[in-house]
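Asker: In our numbering, the protein residues as written are 173 to 912.
Glycine is no exception: its CB is placed at the ideal position from the N, C-alpha and C atoms.
#1: Roughly how many angstroms lie between the CA atoms of residue 896 and residue 905, to the nearest whole one?
#2: Give the DSSP-derived three-state secondary structure of residue 373 in the structure shown.
#3: Output the boundary residues of the beta strand (DSSP E) element that contains residue 854.
#4: How is the beta strand (DSSP E) around residue 885 delimited, first residue to last?
#5: Report the option in 682, 697, 875 whose CA atom is closest to the CA atom of residue 640.
#6: Exposed or buried, what is residue 319 when buried is set at 16 or more other beta-carbons lying within 10 Å of its beta-carbon?
#7: State the Cα-Cα distance for the pair residue 397 and residue 708, rounded to the nearest angstrom.
#8: Based on DSSP bridge pairs, tell me the residues matched to residue 438.
#9: With a cut-off of 8 Å on the beta carbons, I'd call residue 364 and residue 351 a contact; round off their distance for me.
#10: Pick helix, strand or coil for residue 778, following the three-state DSSP scheme.
#11: Identify whether residue 387 lies in helix, strand or coil by the three-state DSSP scheme.
#12: Hey, would you say residue 655 sits closer than 9 Å to residue 505, going by beta carbons?
#13: Taking Cβ to Cβ, would you say residue 324 is nearer than 9 Å to residue 911?
#14: Which residues mark the beginning and the end of the alpha helix (DSSP H) in which residue 802 is found?
#15: Taking only three categories from DSSP, how would you classify residue 772?
#16: For the candidate residues 573, 586, 429, whose alpha-carbon lies nearest to that of residue 488?
#17: Tell me which same chain residues have a C-beta within less than 6 Å of the C-beta of residue 203, skipping the five on either side of it?
#18: My understanding is that residue 460 touches residue 857, with C-beta atoms under 8 Å, so please give their C-beta distance in whole angstroms.
#19: Which value, in whole angstroms, describes the spacing of the CA atoms of residue 115 and residue 603?
#20: Would you mind stating whether residue 557 and residue 711 have Cβ atoms separated by less than 9 Å?
#21: Could you work out which residue in 289, 415, 381 is closest to residue 817 when comparing CA atoms only?
#22: Where does residue 361 sit, in a helix, a strand or coil, going by DSSP?
#23: Measuring only the C-alpha atoms, how far is residue 421 from residue 252?
#24: In whole angstroms, give me the CA-to-CA distance for residue 148 and residue 339.
#25: At what residues does the beta strand (DSSP E) containing residue 788 begin and finish?
#26: Rank 847, 483, 901 by C-alpha distance to the C-alpha of residue 326 and give the top, closest one.
#27: Of all the options 290, 292, 329, 293, which has the alpha carbon lying nearest to the alpha carbon of residue 307?
#28: Helix, strand or coil: how does DSSP classify residue 493 here?
#29: CA-CA distance, residue 568 and residue 886?
#30: Hey, residue 891 and residue 813 are a contact pair by Cβ (cut 8 Å); roughly how many whole angstroms apart?
#31: Here's the rule I'm using: 16 or more other beta-carbon atoms within 10 Å means buried, otherwise exposed. How should residue 733 be labelled?
#32: DSSP state of residue 667, grouped into three classes?
#33: List the endpoints of the continuous beta strand (DSSP E) containing residue 467.
#34: Looking at the strands, I want to know which residues DSSP matches up with residue 447.
#35: Out of 646, 524, 291, which one is the CA nearest neighbour of residue 336?
#36: Output needed for residue 211: all residues of its chain with C-beta closer than 7 Å, excluding positions within five of it in sequence on either side, in chain order.
Below you can see the structure in the form of structure tokens.
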């Protein structure tokens with residue numbers, strides 16, 4: 173192995189930094205090289221009147237749709253008249269309350285629901301996969317074999333898992349905005365708002381014992397205080413094998429037709445250790461979803477960016493999203509290669525690997541949408557109509573007329589700094605060694621300060637504790653780390669000035685890989701005893717070390733601080749303008765346009781609907797016939813393989829049972845685990861995915877495309893429980909809404 177010149181990383185970092193300091197034009201607003209060479213970019217916005225027609229002729233004109241900004245309705249402002257006009261269905265307050273109280277947030281990343289009066293909770297297999305791994309005992313492989321508790325006593329508590337139930341909502345907009353009136357500057361007003369929110373949360377939690385959060389909607393036009401009942405005793409009841417819960421694996425992910433049983437059941441227990449007795453829960457449908465009936469998805473969609481301006485979408489398209497795709501490609505490949513060469517690591521690393529591949533496929537779909545001229549055309553036509561509405565009202569024009577021009581200008585400035593942020597944010601590459609190196613530099617920096625001048629958490633005893641935590645554990649894998657560091661070295665080469673090179677041959681991937689291996693093998697950061705010995709010599713030994721990781725971390729810390737001084741004012745100004753943009757949208761359209769998703773409880777309406785694809789048609793439903801067909805058609809190979817349980821049940825299961833189906837619902841990440849219900853409040857299915865056409869949904873809900881949501885049919889859940897898993901106790905509880 174070639175040994176790395178230990179000063180290499182420090183040299184390039186300091187040289188880069190010096191180059192930037194002595195060339196202040198680098199910090200001025202300018203377009204990237206690609207743009208200079210003629211890449212098409214949207215025209216600059218010169219003034220507020222011109223900005224009304226900025227994108228005319230640049231993107232094809234595509235008429236925007238009524239629901240382009242989505243159907244993620246809030247429970248505070250349910251569109252009851254729209255439901256009545258569209259479906260002839262006017263939900264009562266009792267119906268809405270039961271829908272809200274039966275839904276749950278599953279930890280911090282998914283949705284779940286109560287589906288019996290005895291605290292039974294339903295969510296997706298992919299939401300519960302990590303929990304299944306955590307309750308696996310020595311000698312077991314529950315992800316591979318699945319799990320079913322035949323009795324209450326066999327249900328396994330998941331350490332650290334919780335679910336949250338939204339029990340109260342209160343509008344606190346007037347209180348928070350009034351608190352800000354005493355501020356003279358934007359900074360003072362922001363601080364006063366935050367102080368008031370913290371005060372409200374603290375008082376509410378003390379008075380109720382609930383978990384309280386204040387959520388903003390329409391970029392700060394509305395503030396709502398949500399109170400959650402948190403349940404901390406959550407136990408695993410049933411989970412299919414991963415081969416069935418993720419049947420088809422990554423090739424089938426974000427596609428349809430599908431044939432997967434992406435469900436898992438848990439149970440909430442009360443303070444006395446008994447199954448929770450809950451009034452609010454969804455009941456089970458005997459027939460499932462029917463054609464043309466209104467169906468509702470109740471869940472916690474994570475993040476959308478549908479209020480973004482076109483210039484913000486262009487920035488994501490040209491800068492941030494391609495970088496994320498590059499990183500996810502690297503991480504996915506690193507984990508796949510490691511698992512393939514170390515089969516014993518499969519149980520430990522598969523969940524992480526699936527997560528990276530899921531995100532990669534999602535971001536590729538998002539990127540495809542951003543490159544679609546029709547999608548951008550629809551966003552541009554809506555932006556034009558929105559701006560026209562603002563400009564036609566003198567009051568609104570005075571308040572908001574130049575927002576689009578200002579946001580365009582800030583995004584143009586941010587482009588010139590993007591590469592520097594990548595170079596000087598090494599921890600963003602998911603490197604364990606870079607992260608440890610950064611923490612080591614932070615500790616050493618604080619050690620040099622007098623005790624009374626240190627940041628909180630850096631007293632002498634806390635520093636000793638922090639140093640101990642720099643030790644790598646068994647989850648560190650050298651081969652994976654080498655690929656991640658090679659990725660970061662490649663980014664340094666890409667985003668450095670073209671006259672600067674890491675070392676000769678720095679643009680050669682093979683050479684970079686060799687350097688990455690040398691770094692991992694030689695850095696003291698990878699050897700705790702050596703790192704601890706440096707700290708024992710004093711903080712200067714760490715801060716002045718020529719170790720490549722520590723030197724890079726020190727350089728990055730200093731350089732990032734320099735750039736933050738340049739970038740932070742731009743971001744602060746843009747955030748203020750984005751907040752004003754949301755307020756403008758609210759003043760023009762009110763709640764007829766739902767706010768962007770923010771992992772708060774929403775409900776979306778939709779219907780069953782097939783669609784055309786690949787020159788044929790995707791059916792509304794798939795069946796168990798298709799599941800077995802995929803198994804045989806792909807030669808019984810992963811990821812379409814079936815376990816022995818399913819082979820034994822092949823002639824017992826009713827193969828005509830509906831398995832998966834598609835609807836027109838507006839969903840996104842965070843909706844995973846959402847129940848789909850009918851007008852009676854009955855479960856007809858369980859959301860688990862969207863098709864490939866749904867992935868641009870971060871930016872637009874396109875009802876004119878083949879955008880579909882994919883769900884497990886309620887009948888498939890019962891049929892699999894009874895015919896394959898011999899889980900009659902659980903199936904009965906679902907059908908009768910209580911333990912039999």
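Answerer: By the coordinates alone:
#1: 17 Å
#2: helix
#3: 854-862
#4: 881-885
#5: 697
#6: buried
#7: 49 Å
#8: 293, 408
#9: 5 Å
#10: strand
#11: strand
#12: yes
#13: yes
#14: 796-805
#15: coil
#16: 586
#17: With a pLDDT of 28 at residue 203, under the threshold of 50, the modelled position of this residue cannot be trusted; read the value that follows with caution. For residue 203, where only same-chain residues beyond five positions count, there are no Cβ hits under 6 Å.
#18: 7 Å
#19: No information on residue 115 is available, as it lies outside the stretch 173 to 912 that the chain covers here.
#20: no
#21: 415
#22: helix
#23: 39 Å
#24: Residue 148 lies beyond the residue range present for the chain, which begins at 173 and ends at 912; the question has no answer from this structure.
#25: 788-790
#26: 901
#27: 329
#28: helix
#29: 49 Å
#30: So it is not a contact: roughly 20 Å between Cβ atoms.
#31: exposed
#32: helix
#33: 467-471
#34: 441
#35: 291
#36: Unreliable positioning characterises residue 211 in this predicted model, as indicated by a pLDDT of 36, which lies under 50. The coordinate reading is nonetheless provided below. Correct list: empty, nothing qualifies.
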